[in-house]
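In what follows, a single structure is set out as structure tokens and then discussed.
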Amino acid sequence: NAGVTQTPKFQVLKTGQSMTLQCAQDMNHNSMYWYRQDPGMGLRLIYYSASEGTTDKGEVPNGYNVSRLNKREFSLRLESAAPSQTSVYFCASARTGNTGELFFGEGSRLTVL
Amino acid sequence: GQSLEQPSEVTAVEGAIVQINCTYQTSGFYGLSWYQQHDGGAPTFLSYNALDGLEETGRFSSFLSRSDSYGYLLLQELQMKDSASYFCAVREGGNNRLAFGKGNQVVVIP
Chain A
5 NAGVTQTPKF
15 QVLKTGQSMT
25 LQCAQDMNHN
35 SMYWYRQDPG
45 MGLRLIYYSA
55 SEGTTDKGEV
65 PNGYNVSRLN
75 KREFSLRLES
85 AAPSQTSVYF
95 CASARTGNTG
105 ELFFGEGSRL
115 TVL
Chain B
837 GQSLEQPSEV
847 TAVEGAIVQI
857 NCTYQTSGFY
867 GLSWYQQHDG
877 GAPTFLSYNA
887 LDGLEETGRF
897 SSFLSRSDSY
907 GYLLLQELQM
917 KDSASYFCAV
927 REGGNNRLAF
937 GKGNQVVVIP
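Respectively, the protein sequence lines represent chains A and B.
5 is the number of the first residue of the first sequence in the working numbering; add one for each residue after it.
837 is the number of the first residue of the second sequence in the working numbering; add one for each residue after it.
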């Protein structure tokens, strides 16, 4: 059982380049999330998707777009990367119900030069 | 809006007890979660409190007081593997949307 899988694990971009972070979960969860983690800042929510076909902004959505491709997959796109987007990105999923429990992927470490 | 306050770092010896506090201010509150994260790893879920009181899961316990906007995580019988960062997270609404605090690093020494 793979859980939440993120690709790529590492990426270096130049300012202005675009890229997509992929995330897939095999737990049949309805909700999926993208967070970023910076040193000393904890995790901040970028976007989330409560169910297939819906997406909503989180705390720090500027500079990002998302697509909930199907129930399993939730991608995060940087259209024009900036150095301020250098971070570790975590995808997570959650089953329906008020559990307070998110299942996280291993993270994607992005550096923008 | 929301804000979560957590102290930054704690060092303790193996076998000791550590309490990590979390105070929060948020416009909507549904519950408080706790997560553990080892260096370079993914956050992993420890516990969730929706109601006031103490929840015990093995060596770890979590407490919530909604009237005080306060919770804590209690780590007992500390082991070296407990060296990690610990985050509290407020559930602000449905669909398990969580807002995380900045975290508290626990260093366990022999």
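For every residue, glycine included, the Cβ atom is placed at its ideal position computed from N, Cα and C.
Residue-level contact by beta carbon holds for A:M45 and chain B, with a gap shorter than 8 Å. Contact between the region 900–908 of chain B and the region 848–864 of chain B is present, with at least three C-beta pairs closer than 8 Å. Residues of chain B with a Cβ closer than 7 Å to the Cβ of A:G111 are, in chain order, A878. Contact note: A:T103 reaches chain B through Y884, N932, using a C-beta cutoff of 7 Å and chain order. Judged by DSSP secondary structure, A:N32 falls outside any beta strand (DSSP E); it is assigned neither H nor E.
For A:Y52, the closest Cβ of chain B is nearer than 8 Å.
Using a Cβ-Cβ distance cut-off of 8 Å, the region 860–871 of chain B and the region 879–891 of chain B are in contact, since at least three pairs of beta carbons, one from each stretch, lie closer than that value.
Using a C-beta cut-off of 8 Å, the region 6–21 of chain A makes no contact with the region 40–50 of chain A, since fewer than three inter-stretch Cβ pairs fall below that distance. Secondary structure at B:D904: coil, using DSSP grouped into helix, strand and coil. Rounded to the nearest whole angstrom, the C-alpha separation of B:I853 and B:L914 is 6 Å.
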